[in-house]
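To convert, note that position 193 of the sequence shown is 193 in the UniProt record's numbering; the numbers rise steadily by one, no gaps.
Glycine included, C-beta positions come from ideal geometry on N, C-alpha and C.
Accompanying notes for the structure given below.
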Amino acid sequence: MAATKLLLTDLALTVNHVPSNYVRPVSDRPNLSDVQISEGSIPLIDLQHLNGPNHSDIIEQIGQACQHDGFFQVKNHGIPEAIISNIMRIATEFFRLPESERLKNYSDDPSKTTRLSTSFNVKTEKVSNWRDFLRIHCFPLEDYVHEWPSNPPSFREDVAEYCSSVRGLVLRLLGAISESLGLKSDYIEKVLGKQAQHMALNYYPPCPQPELTYGLPGHTDPNLITILLQDDVPGLQVLRNGKWVAVNPIPNTFIVNIGDQMQVISNDRHKSVLHRAVVNSSKERISIPTFYCPSPDAVIGPAKELINDDQLAVYRDFTYGEYYEKFWNRGLASECCLDMFKAV
Ligand code: OGA
Ligand code: NI
């Protein structure tokens, strides 16, 4: 039977089978027994001395990770543990609110700047994903804070604090990544125009048959760079050498991944890598990605400094607004949206 509720969180508590609209075709299932569970699957980079004597060594590590893995974790990132535990607590409390309270924020329109929804894009997709999510815009804060949920009562304050600290970390990373490409350290920040920061609180309920469905199927992130905080329940997997590798949680670290726009700016030197979220039968899982983005009217294209007679521009110039619209309307698919923006 197909599920009929708008949201998944409460429905998931009442089913002992995955409803038919969540069941993937046999050729498109997670194949959980075939996943590699290696410790240290993606690099862990210590940012403690990014501004000290080891600067060039850390830039080198970041550059290598962006080129070869598209993913890395960071520790000693400067964001206090209290801010991290607060945002996790608020996210948990939010998804524990009565459904009627949560539904006040519901929308299936991806262009809304604050909205609670489910799956990925219920308007365009054929099979649903085992996820509810609250998605908010958060930069500049003062433009959006008033539309955020006001329940739990400290939501706005705690989330605002988290957003500004993560933004600080993003800007440091953008400087480092610019340098890793041999560009001036403010190059990428300048390309972004006014800049935008979005955030999701992802809630993946326990799932009676995790081998039949996804929390999120394989995709690359359409934005510039993503900073993911996950709780202590595994679920994130990254594609590496054709194999899915589990990224097991390490407390107080963030996972950083290169998005499509960074791959374009770097003219394919840095890689936007396929990743997915799987679910499990016993534990709920919360993840909190921050998506850092160009402003919609920013023109994105390969950095001129990285183009020459040997390395032609792989992509044409486009506005981020154009890219973003294509992303939401085509559904999450393993072929990357980037292919539609190749230079001819
Ligand atoms: C995403 C994403 C992974 C996760 O929201 O784009 O890849 O572990 N999330 O929730
Ligand atoms: Ni993602």
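{"Item": "Closer than 6 Å: residue 425 CB and nearest the ligand OGA heavy atom", "Value": "Only positions 1 to 344 of the chain appear in the structure, and residue 425 is not among them; the question remains open."}
{"Item": "Contact between the segment 205 to 215 and the segment 224 to 233 (3+ Cβ pairs under 8 Å)", "Value": "no"}
{"Item": "Within 5 Å of the ligand OGA: residues by beta-carbon to any heavy atom", "Value": "202, 236, 277, 287, 289"}
{"Item": "Residue 132 Cβ short of 6 Å to the ligand NI heavy atom set", "Value": "no"}
{"Item": "Residue 10 beta carbon near the ligand NI (any heavy atom closer than 6 Å)", "Value": "no"}
{"Item": "Option in 131, 181, 300 with minimal Cα separation from residue 8", "Value": "131"}
{"Item": "Boundaries (first-last residue) of the beta strand (DSSP E) holding residue 117", "Value": "114 to 118"}
{"Item": "The segment 189 to 197 contacting the segment 291 to 302, beta-carbon criterion three pairs below 8 Å", "Value": "yes"}
{"Item": "Beta bridge counterpart(s) of residue 88 as assigned by DSSP", "Value": "Paired residue(s): none; residue 88 is not in a bridge."}
{"Item": "Closest residue to residue 316 among 309, 302, 328, 306 (Cα-Cα distance)", "Value": "302"}
{"Item": "Meets three-Cβ-pair contact criterion under 8 Å: the segment 236 to 256 and the segment 305 to 314", "Value": "no"}
{"Item": "Selected residue, minimal CA-CA separation from residue 62, among 51, 52, 43", "Value": "43"}
{"Item": "Inter-residue Cα distance where the pair is residue 260 and residue 148", "Value": "27 Å"}
{"Item": "Among 310, 165, 266, the one whose alpha carbon lies nearest that of residue 87", "Value": "165"}
{"Item": "From 41, 133, 55, 258, residue whose alpha carbon lies closest to that of residue 92", "Value": "133"}
{"Item": "Exposed unless 16 or more other CB atoms sit within 10 angstroms - verdict on residue 2", "Value": "exposed"}
{"Item": "In chain order, each alpha helix (DSSP H) run of at least 4 residues that lies wholly inside the segment 5 to 68", "Value": "9 to 12, 55 to 68"}
{"Item": "Reduced DSSP secondary structure (H/G/I, E/B, other) of residue 148", "Value": "coil"}
{"Item": "Proximal residues to residue 76 (C-beta, below 7 Å), its chain only, five neighbours per side dropped", "Value": "46, 47, 48"}
{"Item": "Beta-carbon separation (whole angstroms), residue 135 vs residue 198, contact threshold 8 Å", "Value": "7 Å"}
{"Item": "Burial state of residue 312, where buried means 16 or more other Cβ atoms lie within 10 Å", "Value": "exposed"}
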